[in-house]
Amino acid sequence: MINRQRPVKPRPLDGVRLAVLVNPSAGSRQGMLRAARAVAVLQEAGARTTVLSAAEASTLAAMADDAASSADALVAVGGDGMVQAGAEAALRCGLPLGIIPAGTGNDAARALGVPRRGDAAVHRFVAAWASGGRAVDVARVDLPDGAVRHYVTALAAGFDAVVNRQANEWTRPRGTLRYVAAIFRRIGGFRPVHYRLRVDGVTEETDAVILTVANGSSFGGGLRIAPRAVPDDGMLDLVTVAPISRLLLVLIFPLAFLGLHVLHPAVTVRRVREVRLESGGPVCHADGEALTAPPLSVTVLPGALRVLV
Numbered sequence: 001m002i003n004r005q006r007p008v009k010p011r012p013l014d015g016v017r018l019a020v021l022v023n024p025s026a027g028s029r030q031g032m033l034r035a036a037r038a039v040a041v042l043q044e045a046g047a048r049t050t051v052l053s054a055a056e057a058s059t060l061a062a063m064a065d066d067a068a069s070s071a072d073a074l075v076a077v078g079g080d081g082m083v084q085a086g087a088e089a090a091l092r093c094g095l096p097l098g099i100i101p102a103g104t105g106n107d108a109a110r111a112l113g114v115p116r117r118g119d120a121a122v123h124r125f126v127a128a129w130a131s132g133g134r135a136v137d138v139a140r141v142d143l144p145d146g147a148v149r150h151y152v153t154a155l156a157a158g159f160d161a162v163v164n165r166q167a168n169e170w171t172r173p174r175g176t177l178r179y180v181a182a183i184f185r186r187i188g189g190f191r192p193v194h195y196r197l198r199v200d201g202v203t204e205e206t207d208a209v210i211l212t213v214a215n216g217s218s219f220g221g222g223l224r225i226a227p228r229a230v231p232d233d234g235m236l237d238l239v240t241v242a243p244i245s246r247l248l249l250v251l252i253f254p255l256a257f258l259g260l261h262v263l264h265p266a267v268t269v270r271r272v273r274e275v276r277l278e279s280g281g282p283v284c285h286a287d288g289e290a291l292t293a294p295p296l297s298v299t300v301l302p303g304a305l306r307v308l309v
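Residues in the sequence shown are numbered consecutively from 1, following the UniProt record's numbering.
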């Protein structure tokens, strides 16, 4: 009697080497459980995973650089800050980036159409590995000390940056509610800012309460500050809100969750390739992470990052 064994069906990620970047604080315990589940599903698909976990961005960056030489792709498991860290590492190492949302905001995942529930994001990554993924834009930020940073979603440089900073100081409430609470916490003390800008080579001065340079459509866990922004059109959306009363600002912010704030005459949206903030404004935040106060420059890098989504 001939014993015939069935051929082993190849798994979709057989032999693929993945460096998985995890922030132990992203989304707290839920984020860590999500990360563990994602790694398990990737391994079931045949991937050889190396998990890199560090709370400090500089430590994680060094770990990612060390792991890159023996990896085929990076996978960022966490929120927007982790996606930013993953994008920075991917750009340095020339590797594609996968995204498994497990944070509180997850605006990068929204912009790129990554599912935010269950195992769907992991299955999307597996499918994208087979197809090659897609090239998306990133924004390059040149800081006054000569350092260079990049972001995927948005840079906030006005009241939006102040709210971002306040939200980062809290751990509760979760998600979008934290951002809304930060708006009410900071609205009383904020004043319009006088900015000196250079937009696509043209110098201008303006007063504004909000100034955002967006690559994706949202920040703050779904606040659609630039509703028509797409991350693969080779352009950035410069959003400004002219000086308005605090009451009107409070009323406009909720409309931004629907993208309807752009209908108000105080709101201006322009498609640009480069913005230099020469003066004015608080410490800027990109993808939710603090950078520095102006001067700084933002430039779009079309198709610079390959994402497996």
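Glycine included, C-beta positions come from ideal geometry on N, C-alpha and C.
Residue i, DSSP secondary structure in three states
i      : result
Met1   : Only weak support exists for where Met1 lies, its pLDDT of 49 falling under 50; the value from the coordinates is given anyway. Coil.
Arg196 : strand
Ala76  : strand
Thr292 : coil
Gly31  : helix
Thr104 : coil
His285 : strand
Pro302 : strand
Ala266 : coil
Thr205 : Residue identity check: residue 205 is Glu in the sequence provided, not Thr. Strand.
Phe190 : coil
Val230 : coil
Gly221 : coil
Leu97  : strand
Outcome for residue i when other beta-carbon atoms lying within 10 angstroms are tallied against a minimum of 16
i      : result
Ala154 : buried
Ala40  : exposed
His150 : buried
His261 : buried
Ser217 : buried
Glu88  : buried
Val148 : exposed
Met1   : Any reading at Met1 must be qualified, since the residue scores a pLDDT of 49, below 50, and its modelled position is unreliable; no value is offered.
Span of the alpha helix (DSSP H), counted from its first residue to its last, around residue i
i      : result
Val22  : Careful: Val22 lies outside any alpha helix (DSSP H), inside the beta strand (DSSP E) at Arg17 to Val22.
Ile210 : Per DSSP, Ile210 belongs to no alpha helix (DSSP H); it is in the beta strand (DSSP E), Ile210 to Ala214.
Arg246 : Arg246 to Leu255
Opening and closing residue of the beta strand (DSSP E) in which residue i lies
i      : result
Ser69  : It is not in any beta strand (DSSP E) - Ser69 carries neither H nor E in the DSSP assignment.
Leu277 : Glu274 to Ser279
Val51  : Arg48 to Ser53
Val241 : Leu236 to Val241
_Every unbroken alpha helix (DSSP H) within the segment 125-174, with a cutoff of 4 residues, ordered by chain_ = 159-169
*Spell out a yes or no on whether the segment 60-68 and the segment 41-49 are touching, meaning 3 or more CB-CB pairs, one atom from each, closer than 8 Å.*
no
*Would you call the segment 280-291 and the segment 190-204 in contact, with 3 or more CB pairs under 8 Å?*
yes
*Counting Cβ pairs, one atom from each stretch, are 3 or more of them under 8 Å apart for the segment 208-226 and the segment 234-251?*
yes
_Three or more C-beta pairs below 8 Å linking the segment 255-269 and the segment 113-132_ = no
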